[in-house]
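Visitor: Here it is: the structure, laid out below.
2 protein chains.
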Amino acid sequence: MKQATCVHFAGTHQCAARQKPLPAGNLCTGMSDNLHQLRCFGCGARIKGAEARPDFRCALCGDLFEVEYPGWSERRGHDRPNPGALKWLWRERRCSSEALDSSGVWRFRELLPILDNFGSALTLFEGNTPLYHLTRAAKALGIDQLFAKHQGMNPTGSFKDTGMTAAISVAKERGFGWVACASTGNTSASMAAYAARAGLRSLVLIPDGKIAWGKLSQAMDYGAVTCQLKADFDGCLRLLTQIVNEAPIYLLNSVNPYRLEGQKTPAFEIAEAFDWIVPDHLIVPGGNLGNSSALGKGFRELHELGLVARMPRISVIQAAGANPLVRSLAENDGTALEPVEAHTRATAIRIGNPASWRKAARAIQESGGWCLDVTEAEIAMAKAELGAEGLGCEPASAVTLAGLKKLRARGAVDSGETVVLVLTGHTLKDADYTIDFHRGTLLNAEETAGVEAEIEALRRNARVVDATPAAVLATLKDRVG
Amino acid sequence: MKQATCVHFAGTHQCAARQKPLPAGNLCTGMSDNLHQLRCFGCGARIKGAEARPDFRCALCGDLFEVEYPGWSERRGHDRPNPGALKWLWRERRCSSEALDSSGVWRFRELLPILDNFGSALTLFEGNTPLYHLTRAAKALGIDQLFAKHQGMNPTGSFKDTGMTAAISVAKERGFGWVACASTGNTSASMAAYAARAGLRSLVLIPDGKIAWGKLSQAMDYGAVTCQLKADFDGCLRLLTQIVNEAPIYLLNSVNPYRLEGQKTPAFEIAEAFDWIVPDHLIVPGGNLGNSSALGKGFRELHELGLVARMPRISVIQAAGANPLVRSLAENDGTALEPVEAHTRATAIRIGNPASWRKAARAIQESGGWCLDVTEAEIAMAKAELGAEGLGCEPASAVTLAGLKKLRARGAVDSGETVVLVLTGHTLKDADYTIDFHRGTLLNAEETAGVEAEIEALRRNARVVDATPAAVLATLKDRVG
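Protein sequences, first through last, are from chains A and B.
Once you know that position 478 of the first sequence is 478 in the numbering used here, the rest is easy, because the numbers rise by one and skip nothing.
Add 1000 to a position in the second sequence, counting from 1, and you land on the number used in the numbering used here.
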């Protein structure tokens, strides 16, 4: 376990002579690493990070904030990172044993200077997730280069960890003792784990009634306090807003802009994996839309700072039963969003009123991406196809492959393109979905109409077989065809 | 995605002049990377890898084989790796984008030359798992340095992946189209994922009757064919032995010695993390005992090759209801093992007749470690304590902390020692256990006798609370105090 050493590199200033924070983070003492401010995504108002209201809504217009770094826009400013030096530094850190360097988020800390001191950063060694080459799906789709960036390989099993490490570090640095969210799924699991690691207490609010205990197991495991309220999900969120305005509890729902700062870092990992020549097309599941927003911000910043030559096309795929952004873009070009009542078995994207829809619409539109939806059967088949390549994922992740199939069928994706699917959750996050699919109890007849044979070919239900070698071998012959 | 380039380094021979494989693996063509043979752990008979029977039992005495590398024992032989060069090479590979270098198993491929060509190696980017500093547990136990090496952070959520990448690569190189195991748990999940990745078909045999579907979800997801047999687990294993003797199906139960070769690599990761000064004490859960055997082999080889100065003490902890090795060591110094009927909720170590007990006994005895057992309540409390530090794990992993507490109470672990707990599975592997514990339905009164208060302090059941800020805040005050 080595300590960090002070890193100097060509193209940036020397430690002794400098007035502003080093890009290398907390490697020199006595100065702030913090370079950020908050800008309202609605009215453009700018405030200091510490001035945000506890509910993270703009006091002027009520919209969400986005983190920005004013120093980056000065072409020759001290705060503007040097692209070549950063690429070298980030690569070298992969060989480092220092804790922050081992995090796939904080390894890129020069591009998330949100803390006064990076020494406050708290990590469970998130990020550094695998990028898998999908050879069979690529062949089936007639695409040269298809990859899956598996964010479900994060410590708590979902992409939320990359954002939570950032936001919990801010909470800890600002002296909070409690953090909270309204969530029954991946957010509460991630929050509870990072809070526990940071020595903070965590509160989870959930609607009373039909509790999916499986979804809560991680929050319990990591020691969160869970309150069931006689309220629906929006009611829980409203109550939590009241609570954080009354008590020193740090809000970690996705309105928190620091979560998106962490969630942008997979863009850096992807760009680095392709040696800073970004892939043509990135396909992301669309639920609350924080992830597509964050990845868009990540690639935008890489482009603005000169680390990459362009942004990839960013497409967002929703479930047909939870497609408010698809509708918004089709009906009014993304200028307004009408909430829908959400229905899909892909619970991680079962969201009818997404918080980050404006940011996601911007990422899609500026990158030339698409937004479309896929059916329950398409999701289930895509998940089984990913599984058959050895990649488990939660159902929401599989919308990416289902969406790619549709885009390819429409001629929107060229055979020569390099495409990256962003998988967001681990298969163990929803074992019941997998079991129900393979046992044939997941989808109803209406949903499978027209694709019965394809689904049957993908199902792998357990068979009762006589306990003889001949009977077992006959089963295999049968299966092979 | 870069290709590997030929690496030369001081201290080893040049490519052109050499007759034997380079330590750097498949970096030069036309020569075999394969340096291994198999040695029977019982009678010492030696055979070539390709000569092993399909059931991997010694034809002379029926015992298990162990992989060995005869070239390593020649002090100045061509095949004996150079310690300094290896440390440098392994570290450099952490910065490489080449697939095998990104694997925490194949990064160390010079120490597992089991393939004719490392180009056959197949990876899901296993290994490179986090090593967490456990500050609160260390303080509670009065130990300076306590760490957890979390093997549950592997792709399918268990330590089995490090072994499966090795054994499936062998299966693929030897031309098998099918692989198989008898397992309802982590082994089948891992096998199915790697087989899918390799383009092989996989077969899982399980006893008919009370199927725990949750345990099978991953095997189904990755496309395995599952057969339920009217037989118990040992019956399934016997039948599978018959099947592999009749048909070209590669056996992947833990009798396969190549699995242990992959599973030894976390020893290299741990040694590297401590800058090649090994920790004092490694504590490992004991079920089928392949993991403790493999880690022992890993540290032994590091020591024999001069990469580290000594082996760590290796202790193995079993559940009290599944403790055949504890009994064997107490009753006959590990010379014979009497199978027991296994009972524990920690399903991953619910094994009464462990395959690798001789190898594990050797690792414990040669390293000066201990073997002891812990109760169901001790396991549950230790799991909750690890959770409260932000580390989820499956119940079997928690025996390590429970065991350390006992060892510390006995004075067997000094306050100045550096201790590493090996966590073997992800918390999502057994969400039901977590839920049952926190809802108070896991343990019965007999099991909790005397520790009711400690357990109550660790439980985090969801509470029904009025939907007002005051009611929620009152709950938090209640919890804190």
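Note that CB positions come from ideal geometry on N, CA and C, so glycine has one too.
Between which two residues does the beta strand (DSSP E) harbouring E1066/B extend?
Guide: Locating residue 1066/B in the second sequence gives position 66, counting from the first residue. Here the beta strand (DSSP E) through E1066/B covers 1065-1068.
Visitor: Distance check for L1141/B and K1215/B, CA to CA, integer angstroms please.
Guide: Reading the second sequence from its first residue, position 215 is the one you call residue 1215/B. Reading the second sequence from its first residue, position 141 is the one you call residue 1141/B. Their Cα atoms are separated by approximately 34 Å.
Visitor: Measuring only between beta-carbons, confirm whether L423/A sits less than 9 Å from chain B.
Guide: Reading the first sequence from its first residue, position 423 is the one you call residue 423/A. Not an interface residue.
Visitor: Looking at the unbroken alpha helix (DSSP H) that takes in P1324/B, where does it start and where does it end?
Guide: As a working mapping, residue 1324/B is identified with position 324 in the second sequence. Start and end: 1324-1332.
Visitor: Would you mind stating whether S1188/B and V1204/B have Cβ atoms separated by less than 9 Å?
Guide: Counting from one through the second sequence, the residue named residue 1188/B turns up at place 188. Counting from one through the second sequence, the residue named residue 1204/B turns up at place 204. In this structure, V1204/B lies closer than 9 Å to S1188/B by Cβ.
Visitor: Going by Cα to Cα distance, which pick from Y1433/B, A1449/B, A1231/B is closest to L1442/B?
Guide: For the purposes of this step, residue 1442/B is identified with residue 442 of the second sequence, where counting begins at 1. Answer by Cα proximity: Y1433/B.
Visitor: So, is G1104/B buried or exposed, given that buried needs 16 or more other C-beta atoms within 10 angstroms?
Guide: One-based indexing of the second sequence puts residue 1104/B at position 104. Classification for G1104/B: buried.
Visitor: Who pairs with Y1250/B in a beta bridge, going by DSSP?
Guide: Within the second sequence, residue 1250/B is the residue found at index 250, counting from 1. Note: Y1250/B sits in a beta bridge opposite V1179/B.
Visitor: May I ask you to report which of helix, strand or coil DSSP gives R80/A?
Guide: If you number the first sequence from 1, residue 80/A lands on position 80. Three-state DSSP puts R80/A in coil, outside helix and strand.
Visitor: Comparing C-alpha positions only, which one of W178/A, R136/A, T468/A, P130/A sits nearest to S158/A?
Guide: Locating residue 158/A in the first sequence gives position 158, counting from the first residue. Nearest C-alpha to S158/A: P130/A.
Visitor: With distances taken between CB atoms, is the gap from I277/A to L295/A smaller than 9 Å?
Guide: Sequence index remark: in the first sequence, residue 277/A carries index 277 (1-based). Sequence index remark: in the first sequence, residue 295/A carries index 295 (1-based). No, these two residues do not count as a Cβ contact at 9 Å.
Visitor: On the three-state DSSP scale, how would you describe I206/A?
Guide: Along the first sequence, one-based indexing puts residue 206/A at 206. Correct three-state label for I206/A: strand.
Visitor: With a threshold of 8 Å on Cβ separation, who are the neighbours of P83/A within its own chain once the five nearest residues in sequence on each side are excluded?
Guide: Indexing the first sequence from 1 puts residue 83/A at position 83. Excluding sequence neighbours, P83/A sits near L305, G306, L307.
Visitor: Do E417/A and H281/A have their C-beta atoms within less than 9 Å of each other?
Guide: Locating residue 417/A in the first sequence gives position 417, where the first residue counts as 1. Locating residue 281/A in the first sequence gives position 281, where the first residue counts as 1. A contact, by the Cβ cut-off of 9 Å.
Visitor: Could you tell me the boundaries of the alpha helix (DSSP H) in which F147/A lies?
Guide: Along the first sequence, read from residue 1 onward, the residue named residue 147/A stands at position 147. Per DSSP, F147/A belongs to no alpha helix (DSSP H); it is in the beta strand (DSSP E), 145-150.
Visitor: For chain B, check one thing: does any of its Cβ atoms lie closer than 9 Å to the Cβ of M220/A?
Guide: Counting from 1 along the first sequence, the entry for residue 220/A is found at position 220. At least one chain B Cβ lies under 9 Å of M220/A.
Visitor: First and last residue of the beta strand (DSSP E) that includes I277/A?
Guide: Taking the first residue of the first sequence as position 1, residue 277/A is located at position 277. First-last for I277/A: undefined, no H or E at that position.
Visitor: If we cut at 9 Å on Cβ distances, does A1024/B have a partner in chain A?
Guide: Reading the second sequence from its first residue, position 24 is the one you call residue 1024/B. With a pLDDT of only 42 at A1024/B, under the threshold of 50, the placement of this residue in the model should not be trusted, and no figure is reported.
Visitor: Residues of chain A with a CB under 9 Å from the CB of A1125/B: which are they?
Guide: Locating residue 1125/B in the second sequence gives position 125, counting from the first residue. For the sequence presented, residue 1125/B should be read as Phe rather than Ala. Neighbours of F1125/B on chain A, chain order: T129, P130, L131, Y132, H150, M153.
Visitor: Could you check what DSSP says for R1174/B in three-state terms: helix, strand or coil?
Guide: Translated into positions along the second sequence, residue 1174/B becomes position 174. Coil.
Visitor: By Cβ distance, which residues of its chain are closer than 7 Å to F1125/B, with the 5 residues on each side in sequence left out?
Guide: To locate residue 1125/B, count along the second sequence from 1; it is residue 125. These residues qualify, in order along the chain: S1102, S1103, P1155.
Visitor: With S293/A as the anchor, note down where its alpha helix (DSSP H) starts and where it stops.
Guide: Taking the first sequence and counting its residues from 1, the one referred to as residue 293/A is at position 293. From DSSP, the alpha helix (DSSP H) with S293/A extends over 290-304.
Visitor: By the DSSP assignment, the beta strand (DSSP E) with A319/A in it spans what residues?
Guide: Within the first sequence, numbered from 1, the residue matching residue 319/A stands at position 319. A319/A -> beta strand (DSSP E) spans 313-319.
Visitor: Based on the DSSP secondary-structure assignment, which residues constitute the bridge partners of Y132/A?
Guide: Within the first sequence, the letter at position 132 stands for residue 132/A. Answer is A148/A, bridged to Y132/A.
Visitor: Any beta carbon of chain A sitting closer than 9 Å to that of Q1228/B?
Guide: The residue you call residue 1228/B lines up with position 228 of the second sequence. At least one chain A Cβ lies under 9 Å of Q1228/B.
Visitor: Where do the ends of the alpha helix (DSSP H) carrying V399/A lie?
Guide: Taking the first residue of the first sequence as 1, we reach residue 399/A at position 399. Start and end: 395-409.
Visitor: Taking C-alpha atoms, which residue in R1107/B, R1039/B, E1454/B, V1374/B lies nearest to Q1318/B?
Guide: By 1-based counting over the second sequence, the position of residue 1318/B is 318. Checking every option, the nearest Cα to that of Q1318/B belongs to V1374/B.
Visitor: Taking the straight line between their C-alpha atoms, what separation do you get for R1327/B and W213/A?
Guide: Translated into the one-based positions of the second sequence, residue 1327/B becomes position 327. Translated into the one-based positions of the first sequence, residue 213/A becomes position 213. Roughly 38 Å separates the two Cα atoms.
Visitor: Identify the residues that DSSP records as bridge partners of L1112/B: which are they?
Guide: Your numbering for residue 1112/B matches position 112 in the second sequence. Answer by DSSP bridge pairing: none, since L1112/B is not bridged.
Visitor: Is DSSP giving C1236/B helix, strand or coil here?
Guide: Taking the first residue of the second sequence as 1, we reach residue 1236/B at position 236. In this structure, C1236/B counts as helix in the three-state DSSP scheme.
Visitor: Using a threshold of 9 Å, state whether the C-beta atoms of L473/A and I1143/B are closer than that.
Guide: Walking along the first sequence from the start, residue 473/A turns up at place 473. Walking along the second sequence from the start, residue 1143/B turns up at place 143. No, these two residues do not count as a Cβ contact at 9 Å.
Visitor: Consider the Cβ of N444/A: report whether some Cβ of chain B lies at a distance smaller than 9 Å.
Guide: Translated into the one-based positions of the first sequence, residue 444/A becomes position 444. Cβ-Cβ to chain B under 9 Å: no for N444/A.
Visitor: Using only the alpha-carbon positions, how far apart do T335/A and L122/A sit?
Guide: Taking the first sequence and counting its residues from 1, one reaches residue 335/A at position 335. Taking the first sequence and counting its residues from 1, one reaches residue 122/A at position 122. Going by the C-alpha atoms only, they are around 37 Å apart.
Visitor: Report the residues of the segment 1446-1466 of chain B with a CB closer than 9 Å to any CB of chain A, ordered along the chain.
Guide: Result list: L1458, R1459, R1460, N1461, A1462, R1463, V1464, V1465, D1466.
Visitor: Check the Cβ of I435/A against every Cβ in chain B and list those closer than 8 Å, keeping chain order.
Guide: To locate residue 435/A, count along the first sequence from 1; it is residue 435. What I435/A touches in chain B: W1213, G1214, L1216, S1217, M1220.
Visitor: Using 10 angstroms around the beta-carbon of D478/A, count the other beta-carbons present and answer buried if the total reaches 16, otherwise exposed.
Guide: For the purposes of this step, residue 478/A is identified with residue 478 of the first sequence, where counting begins at 1. Exposed, by the Cβ-count rule.
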